[in-house]
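Visitor:
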Amino acid sequence: MQIRYSKQTEQNLIAEMIKRIVLAWDPDFTKVTPEEKKILDKADEELKNGEYYSHDEVWADI
């Protein structure tokens, strides 16, 4: 029996596997300073709220 996953599910599984490999290789990889954590949390929230620029918007004026 073969299990079929959607593309998004496959991408999520691969991303999780890569995270586990990186953490096994270097357990300190994901450690950040308190200030870095604030910046990352803010960026995550902005992404969730749709507050970002598309690739075309970034390169439009260059």
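The sequence shown begins at 1123 in the working numbering and counts up by one.
Ideal Cβ placement from N, Cα and C applies to all residues, glycine included.
All of these numbers come straight from a predicted model, not from anything done at the bench.
Taking Glu1168 and Tyr1175 to be in contact with their CB atoms under 8 Å, please state how far apart those CB atoms are, rounded to whole angstroms.
Guide: In fact, because the Cβ distance is near 11 Å, the residues do not count as touching under 8 Å.
Visitor: Where Thr1131 and Glu1138 are concerned, what is the direct C-alpha to C-alpha distance, given to the nearest angstrom?
Guide: If you take the alpha carbons of Thr1131 and Glu1138, they lie about 11 Å apart.
Visitor: Helix, strand or coil: which one does DSSP assign to Lys1141?
Guide: If DSSP states are grouped into helix, strand and coil, Lys1141 belongs with the helices.
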